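Participant: When you read off a place in the sequence shown, starting at 1, and then add 5, the result is the number in this note's numbering. My questions all concern the structure below.
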Amino acid sequence: WLERLSPGAALLHRRACEIDAVLLAEVEAVLRQAPPRGMQTPGGRAMSVATSSCGACGWVSDARGYRYAERDPGSGQPWPAMPALLRALAEEAAAEAGFPGFEPDACLINCYAPGAKMSLHQDKDERDFGAPIVSVSLGLPAIFLFGGLSRAERPGRVELAHGDVLVWGGPDRMRFHGVLPVADGMHPLLGRRRINLTFRKAR
Ligand code: MD5
Ligand code: FE
């Protein structure tokens, strides 16, 4: 069911559950070609989340800063193509939330082991803030922090469960957001992991 969190933000509860096994197979195929890696913030701090990407471009972070790049810095090869079912899910979810015509060119894959977290930040490395971002959560649950347009605003909390799909667009696209440390547990399909996919129009 669709829960509107705000005019431009919708949580499609359990939207991906029915196709979780095939989605995961697509994700695992990408991760074999482009293994997830710990990234560094421009300040030199290690991120606890390991990331990979698929699509025409992928997100990378190192001492030079955050950016989208056409190749995986780990292998020097282009990122794996965005798998068809993943892409279709992102496009359909965007349309259901009120953003028809979404054409993602990048899918960032965030892999969380127990204890991994993401600090409060904005997603502003994309060229076109008019396109929404679609986020798909798989595996262990996590508490998502959804803040305001300034860092000072106290963030709200939503639990993201396996299969939940979130769409952020319009006035909500630039909210500060983050993820609290993932609690240890065992998911029947993913084991001791949370994987979050974010579909973006980067270019
Ligand atoms: C995650 N990933 O669970 C989150 C889900 C990231 C990231 O934050 O940058 O990889 S994406 C949630 C999101 C995206 C864009 C805008 C907003 C939230 N928002 O306005 O709250 O690994
Ligand atoms: Fe983000």
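No residue lacks a Cβ here, since even glycine has one placed at the ideal position from N, Cα and C. Quantities reported herein were computed from a predicted structural model and do not represent experimental measurements.
By the three-class DSSP mapping on this structure, what secondary structure does Gln38 have?
Facilitator: In the sequence shown, the residue the question calls residue 38 occupies position 33. In this structure, Gln38 counts as helix in the three-state DSSP scheme.
Participant: Which residue from Leu125, Pro78, Arg50 puts its Cα closest to that of Ser155?
Facilitator: By one-based count along the sequence shown, residue 155 stands at place 150. Minimum Cα distance to Ser155 is reached at Leu125.
Participant: Which of the three DSSP states, helix, strand or coil, is assigned to Arg205?
Facilitator: To locate residue 205, count along the sequence shown from 1; it is residue 200. DSSP places Arg205 in strand when its eight states are reduced to three.
Participant: Exposed or buried, Ser57, counting other C-beta atoms within 10 Å across all chains shown (16 or more means buried)?
Facilitator: In the sequence shown, counting from the first residue as 1, residue 57 sits at position 52. With 16 or more Cβ atoms within 10 Å of its Cβ, Ser57 is classed as buried.
Participant: Starting from the C-beta of Ala104, find all residues in its chain whose C-beta is less than 6 Å away, skip the five residues before and the five after it, and write them out in chain order.
Facilitator: Working through the sequence shown from its first residue, we reach residue 104 at position 99. Contrary to the premise, residue 104 reads as Phe rather than Ala in this sequence. Excluding residues within five positions, the ones whose Cβ falls inside 6 Å are Pro137, Gly174.
Participant: May I ask you to report which of helix, strand or coil DSSP gives Pro176?
Facilitator: Indexing the sequence shown from 1 puts residue 176 at position 171. Helix at Pro176.
Participant: Check whether the stretch 14-24 and the stretch 76-88 touch, using three or more Cβ-Cβ pairs below 8 Å as the test.
Facilitator: Taking 8 Å as the limit for Cβ pairs, the verdict is that the stretch 76-88 does not touch the stretch 14-24.
Participant: In terms of residues, what are the limits of the alpha helix (DSSP H) holding Ala5?
Facilitator: Outside the displayed range of the chain (6 to 208) lies residue 5, so it cannot be described from this structure.
Participant: How do the stretch 100-120 and the stretch 171-191 stand: do at least 3 beta-carbon pairs fall below 8 Å, yes or no?
Facilitator: Counting Cβ pairs under 8 Å, three or more are found: they touch.
Participant: Given a threshold of 16 other Cβ atoms within 10 Å of its Cβ, counted over all protein chains shown, does Ser11 qualify as buried or as exposed?
Facilitator: For the purposes of this step, residue 11 is identified with residue 6 of the sequence shown, where counting begins at 1. By the neighbour-count rule (16 or more Cβ atoms within 10 Å), Ser11 is not buried but exposed.
Participant: Could you compute how far the alpha carbon of Gly48 sits from the alpha carbon of Tyr71?
Facilitator: Locating residue 48 in the sequence shown gives position 43, counting from the first residue. Locating residue 71 in the sequence shown gives position 66, counting from the first residue. Roughly 11 Å between the two C-alpha positions.
Participant: Using three-state DSSP, classify Asp110 as helix, strand or coil.
Facilitator: Numbered from 1 along the sequence shown, position 105 holds the residue referred to as residue 110. Asp110: coil per DSSP, three-state reduction.
Participant: Going by CA-CA distance only, name the one from Glu97, Met123, Gly63 that's closest to Arg50.
Facilitator: Translated into positions along the sequence shown, residue 50 becomes position 45. Selected option, being the one with the closest Cα: Met123.
Participant: Give me the Cα-Cα distance between Val184 and Tyr117, rounded to the nearest whole angstrom.
Facilitator: Within the sequence shown, the letter at position 179 stands for residue 184. Within the sequence shown, the letter at position 112 stands for residue 117. Answer to the nearest angstrom: the Cα atoms are 10 Å apart.
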